[in-house]
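First up is the structure itself, then whatever we jot down about it.
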Amino acid sequence: MEVKEHVSEVAKTDVVLVGAGIMSATLATLIKLMEPDWSITLVERLDGAAAESSDPWNNAGTGHSALCELNYTPQRADGTIDITKAVHVNEQFQVSRQFWAHAVENGVLPDVRSFLNPIPHVSFVHGAGKLDYLKRRRDTLVQNPLFASMEYIDDEDEFARRLPFMSAKRNFAEPVALNWTQDGTDVNFGSLTRQLMAFAVERGMTTLFGHEVRDLSKDSDGSWTLNVINRRTRQKRKLNAKFVFVGAGGGALPLLQKSGIAEAKGFGGFPVGGQWLRSANHELAAGHQAKVYGAPPLGAPPMSVPHLDTRVINGRSYLLFGPFAGWSPKFLKQGKVTDLPLSVKPNNLGSMLGVGVTELGLVKYLVGQLRLSESDRVDALREFAPSAVDSDWELDIAGQRVQVIRKKGMGGVLEFGTTVLAAADGTIAGLLGASPGASTAVPAMLDVLERCFPERFPSWQPKLKEMVPSFGTPLSGEPKLFEEVWNWGTRVLKLDEKATDVPAVPV
Numbered sequence: 121m122e123v124k125e126h127v128s129e130v131a132k133t134d135v136v137l138v139g140a141g142i143m144s145a146t147l148a149t150l151i152k153l154m155e156p157d158w159s160i161t162l163v164e165r166l167d168g169a170a171a172e173s174s175d176p177w178n179n180a181g182t183g184h185s186a187l188c189e190l191n192y193t194p195q196r197a198d199g200t201i202d203i204t205k206a207v208h209v210n211e212q213f214q215v216s217r218q219f220w221a222h223a224v225e226n227g228v229l230p231d232v233r234s235f236l237n238p239i240p241h242v243s244f245v246h247g248a249g250k251l252d253y254l255k256r257r258r259d260t261l262v263q264n265p266l267f268a269s270m271e272y273i274d275d276e277d278e279f280a281r282r283l284p285f286m287s288a289k290r291n292f293a294e295p296v297a298l299n300w301t302q303d304g305t306d307v308n309f310g311s312l313t314r315q316l317m318a319f320a321v322e323r324g325m326t327t328l329f330g331h332e333v334r335d336l337s338k339d340s341d342g343s344w345t346l347n348v349i350n351r352r353t354r355q356k357r358k359l360n361a362k363f364v365f366v367g368a369g370g371g372a373l374p375l376l377q378k379s380g381i382a383e384a385k386g387f388g389g390f391p392v393g394g395q396w397l398r399s400a401n402h403e404l405a406a407g408h409q410a411k412v413y414g415a416p417p418l419g420a421p422p423m424s425v426p427h428l429d430t431r432v433i434n435g436r437s438y439l440l441f442g443p444f445a446g447w448s449p450k451f452l453k454q455g456k457v458t459d460l461p462l463s464v465k466p467n468n469l470g471s472m473l474g475v476g477v478t479e480l481g482l483v484k485y486l487v488g489q490l491r492l493s494e495s496d497r498v499d500a501l502r503e504f505a506p507s508a509v510d511s512d513w514e515l516d517i518a519g520q521r522v523q524v525i526r527k528k529g530m531g532g533v534l535e536f537g538t539t540v541l542a543a544a545d546g547t548i549a550g551l552l553g554a555s556p557g558a559s560t561a562v563p564a565m566l567d568v569l570e571r572c573f574p575e576r577f578p579s580w581q582p583k584l585k586e587m588v589p590s591f592g593t594p595l596s597g598e599p600k601l602f603e604e605v606w607n608w609g610t611r612v613l614k615l616d617e618k619a620t621d622v623p624a625v626p627v
């Protein structure tokens, strides 16, 4: 029997959030804490929260704070180490960490251990030339209070003590070295998202799961009307909102394009899939209690940095190695093959074509990745862990990422960060990009609030200072304040306690 499509009356709401991932969950929580009387409606095309990029199996779970990611600390032509981006990324994570501590302390996040566990963050290199770089990296970073606890390790016995799985069957004739930071974290952004969502729902937020925003237009009074369809019943409805945030992961770009805002013109997106080798072998997890990041292969893009990670998901420890790139024209893991071609518009065609010409290295890298067999992937893992056995590992498909293409001159440039777009009048905003992404959700959403509500934001600042004590103050220049908020966060977030289900290393 044919289901008749009909449109219900327009439902009015103060805020519409599109997408039920970590960004929307964070923004919903901030708004409910700032303005508890504001009405919020969340629209999600899938049947649950955190089902795309925020799902714990769809991302690396690294609390990205630039402790281990070598691409954030490039070497300059004169041999010195540029830590500018590392400091910026770490500062952003400190804001998220403080907000999470406040949320735990005030009952917003009732189960801290389900989303946050202490896991060392480690950089790993081999070969004499790279050891020199890693030592200079550490010597430069430790001068900043945010990185003061970082160690440099090049002793074979100490390497084996800390990373038993990586040392087994290793030929130490080739020198190896580590930058080791004990106080890193593993984050289950799925659990974090669902807890934040629950808080907002308990305080009146309406959720429309299984619904998709098909179009949106601006009304004469400055508000937005969104056309929404129930993906099961095909029933249509309209929502009218004073403010719209598009936090739909890879699906954000098409909706921002449909909005017609000038700020979205010229932007494009390039989708890149991810794959991991995953092991549930408890003994392997016992011999590897760290997130260990290496250097990207020569000529490969920053997103290709290989890493061997401890993950703690649903109270159990796993190991992940990757990422290996996949490719699909879909902008979401559960998207459509038409996503990429339909995103090409007259205003971004030059940007897209320009990147196609300038990023031949990326194309070559992707082609090489697509040709890898499972044995090839385990061979890549053996550079980290020479004793790795094929049968201990299975291939897992991660989330889909859409890298930002920004207009530059007559062409475009591919960016590997996170970009917040906001209309000049502050009535709509959205987030594009990937890593460090989820780890910077709190500062990104504070940026949205400041840019979109400039008249109200000053009155919110006292409350925001309670949530984020360092708000507005770079901690790298305030070592005493950093020590104070760090110790507070460590205690409240239980990061001075052992991670869930991390077994003892066999003696």
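According to this note's numbering, numbering within the sequence shown proceeds without interruption in unit steps and concludes at 627. Glycine included, every Cβ here is placed at the ideal spot set by N, Cα and C.
Short Cβ contact (8 Å threshold) for residue i with residue j
i                 : j                 : result
leucine 147       : glycine 367       : yes
arginine 290      : proline 506       : yes
glycine 519       : lysine 450        : no
glycine 304       : serine 159        : no
glycine 371       : arginine 352      : no
leucine 440       : arginine 398      : yes
asparagine 210    : leucine 254       : no
aspartate 429     : alanine 180       : yes
glycine 532       : serine 596        : no
phenylalanine 309 : proline 391       : no
methionine 587    : phenylalanine 219 : yes
isoleucine 203    : threonine 260     : yes
Residue interval of the beta strand (DSSP E) (run including residue i)
i                 : result
aspartate 306     : 305–307
lysine 390        : Residue identity check: residue 390 is phenylalanine in the sequence provided, not lysine. Where phenylalanine 390 is concerned, the enclosing beta strand (DSSP E) stretches over 388–399.
phenylalanine 444 : 436–446
glycine 337       : The displayed chain sequence assigns serine, not glycine, to residue 337. Counting along the chain, the beta strand (DSSP E) containing serine 337 begins and ends at 331–338.
leucine 551       : 548–553
proline 238       : 236–238
glutamate 514     : 514–528
alanine 384       : Segment: none, alanine 384 is in no beta strand (DSSP E) and carries neither H nor E.
threonine 301     : 296–301
valine 348        : 344–350
valine 540        : 538–542
Residue i: first and last residue of the uninterrupted alpha helix (DSSP H) it sits in
i                 : result
glycine 609       : 599–612
lysine 585        : 577–587
tyrosine 253      : 248–261
arginine 571      : 561–572
phenylalanine 365 : Taken as a continuous stretch (DSSP letters only), phenylalanine 365 belongs to no alpha helix (DSSP H), being part of the beta strand (DSSP E) at 356–366.
arginine 497      : 494–501
leucine 615       : Taken as a continuous stretch (DSSP letters only), leucine 615 belongs to no alpha helix (DSSP H), as it is neither H nor E.
aspartate 459     : 459–463
Local conformation of residue i per DSSP, three classes
i              : result
methionine 121 : For methionine 121, the predicted structure reports a pLDDT of 38, less than 50, and the residue's modelled location is therefore unreliable. The matter cannot be settled from this model.
lysine 132     : strand
valine 627     : Residue placement at valine 627 is flagged as unreliable, the pLDDT there being 28, under the threshold of 50; the coordinate-derived value follows with that caveat. Correct three-state label for valine 627: coil.
glutamine 409  : coil
isoleucine 273 : strand
isoleucine 151 : helix
histidine 184  : coil
lysine 378     : helix
alanine 630    : Residue numbering for the chain in the displayed model covers 121 to 627; residue 630 lies beyond these limits and cannot be assessed.
leucine 428    : strand
arginine 281   : helix
valine 321     : helix
valine 242     : strand
glycine 532    : strand
leucine 328    : strand
Cβ separation of residue i and residue j, assumed to be a contact under 8 Å, to the nearest whole Å
i                 : j             : result
glycine 550       : leucine 376   : 5 Å
isoleucine 273    : alanine 288   : About 17 Å; that fails the 8 Å criterion.
glycine 394       : lysine 527    : Contact doesn't hold; Cβ gap of about 26 Å is too wide.
leucine 236       : valine 307    : 6 Å
threonine 313     : serine 437    : That belief does not hold up - the Cβ atoms of threonine 313 and serine 437 are roughly 21 Å apart, past 8 Å.
proline 374       : leucine 462   : 7 Å
phenylalanine 365 : valine 568    : 7 Å
lysine 484        : histidine 241 : Not really, about 30 Å apart at Cβ, beyond 8 Å.
isoleucine 381    : alanine 543   : 4 Å
For the stretch 155–227, list the beta strand (DSSP E) runs that are entirely contained and at least 3 residues long, ordered along the chain. Listed in chain order, the complete beta strand (DSSP E) runs (minimum 3 residues) inside the stretch 155–227 are 160–164.
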